[in-house]
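Numbering (the working numbering), first residue to last: 13 to 148.
Here is the structure:
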């Protein structure tokens, strides 16, 4: 029964670790998107070769929009990093719980073996005692 519960907890841990890997992958992807967006904004600022006022006004408006997108993307990355951190903490707790169960199961199995060994030794002692009584 305890083994079945431990197996369920191990499956839960495996699922949580899989979810953590997905979160890590998402975080890395969003960080790459943010870096690309920032690079694009930086490139726009260095390619400022517009000579007319309407072009400069459009460029300024576009930069403003892109800075807003950059801020949203940075917030998304921060949110994913927080989710990833919380998931990692939950995985550590689940791992500790699962390893604790393994320890309890191993201790119980050891106790059962010791009890069986004592019972076996007691039976042997009784046989020796009966044999000694018969010889007398």
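Heads up, the beta-carbon is just placed ideally off N, CA and C, and yes, glycines get one too. No experiment lies behind these values; they were computed from the predicted model shown.
In its chain, beyond the 5 residues on either side, 39, 42, 43, 46 have a beta carbon closer than 8 Å to the beta carbon of residue 89. Under the three-state reduction of DSSP, residue 64 is assigned to coil, being neither helix nor strand.
Contact annotation, residue 107 with residue 81: C-beta distance approximately 38 Å; criterion of less than 8 Å not satisfied.
In the displayed model, residue 148 falls within coil according to three-state DSSP, outside both helix and strand.
Taking a 10 Å sphere around the C-beta of residue 25, we find 16 or more other C-beta atoms and assign the residue as buried. Buried is the label assigned to residue 96, since at least 16 other Cβ atoms lie within 10 Å of its Cβ. Here the C-alpha atom of residue 14 lies approximately 7 Å from the C-alpha atom of residue 117. Selection 78, 65, 36 evaluated against residue 55 yields 78 as nearest (Cα-Cα). Assignment of residue 13 by DSSP, reduced to helix, strand and coil, places it in the coil class.
With a 10 Å radius around the Cβ and a threshold of 16 neighbouring Cβ atoms, residue 92 comes out buried.
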